[in-house]
Amino acid sequence: MLSSIPDDTFPHATGLAAEIVQAHSKEEDLVLWASWFCPFVQRVWIALEEKGVPYRYHEVNPYKKEKEFLQVNPLGLVPAIELRGKATLWESLVLLQYLEDAYPSSSNSNVTPLLPEDPIDRAKARIWIDHVSKKIVPAFYTFLQGQTKEEQAGGREKLLAGLEKLVQAMAPSSSGPYFFGPHFSLVDISLIPWVLRFPTVLKKYRDFELPTDDGEGDVWKRFKEWEAAVASRQGVLNTVSDEEKYFGVYKRYADNSTQSEVAQATRAGKPLP
Numbered sequence: 000m001l002s003s004i005p006d007d008t009f010p011h012a013t014g015l016a017a018e019i020v021q022a023h024s025k026e027e028d029l030v031l032w033a034s035w036f037c038p039f040v041q042r043v044w045i046a047l048e049e050k051g052v053p054y055r056y057h058e059v060n061p062y063k064k065e066k067e068f069l070q071v072n073p074l075g076l077v078p079a080i081e082l083r084g085k086a087t088l089w090e091s092l093v094l095l096q097y098l099e100d101a102y103p104s105s106s107n108s109n110v111t112p113l114l115p116e117d118p119i120d121r122a123k124a125r126i127w128i129d130h131v132s133k134k135i136v137p138a139f140y141t142f143l144q145g146q147t148k149e150e151q152a153g154g155r156e157k158l159l160a161g162l163e164k165l166v167q168a169m170a171p172s173s174s175g176p177y178f179f180g181p182h183f184s185l186v187d188i189s190l191i192p193w194v195l196r197f198p199t200v201l202k203k204y205r206d207f208e209l210p211t212d213d214g215e216g217d218v219w220k221r222f223k224e225w226e227a228a229v230a231s232r233q234g235v236l237n238t239v240s241d242e243e244k245y246f247g248v249y250k251r252y253a254d255n256s257t258q259s260e261v262a263q264a265t266r267a268g269k270p271l272p
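Its first residue numbered 0, the sequence shown is counted upward by one per residue in numbering that gives the first Met the number 0.
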């Protein structure tokens, strides 16, 4: 979902993520076209790691919109998946659903399911993924891009309100730490890339911290249990680069100078692309 990134952006993943990129450098039928710093990419990358799907990682600088990449996604946005000889697909939530449909656990017991089997729970997953995408993610950018104290306070309030509503829908922690209790799912994946940026990007540029009290109904205690469990999963850790490398990208959001399509939509008060 990023389209206009200056050339001084660090060009590749670092830390453990760089090792994972190297491990996925050989040819495969599925190619992930990605930018290491993009949280929308990270959603799909985590799903691939969690499900154990063979893939090749291909780094893209979407600012350059090279012809080769535009043949994969004419919009020039990451993430995108190329299925050799079959199709090209894009949009992070579409790709998450595709991976779940194309690699079901019912046909391979070694593949991790990322949606519940029960149709009602699957519908609930889609409801709360939609909430993450329409309420929490936009609030993150509103907060980060806000230039006045009033804009930042409004963004922070929306972010916390969106998180609180999601946590209230989570299974009780006694059943397990994830949204569905014991089962890690696409709901968790849809949110965690932005939460990983709370103590780094939002702390550095907006001095953001979660409420220190447990909150009404222990909502913040429950959220922190969720955060700790999800952030420590190996499939998540495998997609994380060195902390300081993210700051150059997000500084341009913090001073509201970036021309990414996400930033432009945020400034215009429009839905994110």
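The beta-carbon is built from N, C-alpha and C at its ideal position, and this holds for glycine as well.
Status (buried if at least 16 other CB within 10 Å, exposed otherwise) for residue i
| i | result |
| --- | --- |
| Gly268 | exposed |
| Gly151 | With the sequence shown as reference, residue 151 is identified as Gln, and Gly is not the correct amino acid for it. By the neighbour-count rule (16 or more Cβ atoms within 10 Å), Gln151 is buried. |
| Asp187 | buried |
| Ile45 | buried |
| Ala33 | buried |
| Asn237 | buried |
| Leu98 | buried |
| Glu260 | buried |
| Val295 | Residue 295 lies beyond the range of the chain shown here (0 to 272); nothing can be said about it. |
| Ile135 | buried |
| Thr141 | buried |
| Lys85 | exposed |
| Gln41 | buried |
| Ser105 | exposed |
| Lys50 | buried |
| Ile126 | exposed |
| Gln21 | exposed |
| Asp191 | Checking the displayed sequence, the identity of residue 191 turns out to be Ile instead of Asp. Counting Cβ neighbours within 10 Å, Ile191 comes out buried, since at least 16 surround it. |
Limits of the unbroken alpha helix (DSSP H) element including residue i
| i | result |
| --- | --- |
| Thr141 | 136-144 |
| Tyr204 | 202-205 |
| Thr265 | 260-267 |
| Tyr102 | Note, Tyr102: premise wrong, no alpha helix (DSSP H); not H, not E. |
| Asp129 | 118-130 |
| Val239 | Run containing Val239: none; DSSP gives neither H nor E here. |
Rounded straight-line distance, which links the Cα of residue j to that of residue i
| i | j | result |
| --- | --- | --- |
| Arg232 | Lys244 | 21 Å |
| Thr257 | Ser174 | 42 Å |
| Ala230 | Pro270 | 27 Å |
| Pro38 | Ala101 | 23 Å |
| Leu15 | Val71 | 27 Å |
| Thr199 | Asp206 | 9 Å |
| Gly214 | Glu67 | 50 Å |
| Lys157 | Phe139 | 8 Å |
| Glu27 | Trp193 | 29 Å |
| Ala264 | Gln146 | 16 Å |
| Phe197 | Leu47 | 23 Å |
| Leu88 | Pro61 | 16 Å |
| Val239 | Glu58 | 14 Å |
| Pro176 | Lys64 | 40 Å |
| Pro73 | Leu82 | 15 Å |
| Val218 | Trp225 | 11 Å |
| Arg121 | Leu185 | 10 Å |
| Leu165 | Val131 | 8 Å |
| Ala262 | Asn255 | 8 Å |
Continuous beta strand (DSSP E) stretch holding residue i: start and end
| i | result |
| --- | --- |
| Leu113 | Unbroken run through Leu113: none, as it is neither H nor E. |
Which of helix, strand or coil DSSP assigns to residue i
| i | result |
| --- | --- |
| Phe178 | coil |
| Ser69 | The sequence given here has Leu at residue 69, not Ser. Note: Leu69 maps to helix in three-state DSSP. |
| Ala79 | strand |
| Ala86 | strand |
| Tyr62 | coil |
| Ala253 | helix |
| Gly216 | helix |
| Glu208 | coil |
| Phe183 | coil |
| Ala168 | coil |
| Ser91 | helix |
| Leu195 | coil |
| Ser231 | coil |
Contact test: residue i Cβ vs the ligand NAP heavy atom, cutoff 8 Å
| i | result |
| --- | --- |
| Gly214 | Among the ligands in the structure shown, none appear at all, so the ligand NAP cannot be discussed. |
Contact with chain C by residue i, beta-carbon distance below 9 Å
| i | result |
| --- | --- |
| Ile45 | You won't find chain C in this structure, because it holds only one protein chain. |
| query | Which ranges does the alpha helix (DSSP H) cover as unbroken runs of at least 4 residues, wholly within the stretch 3-60, from first to last along the chain? | reply | 14-22, 38-50
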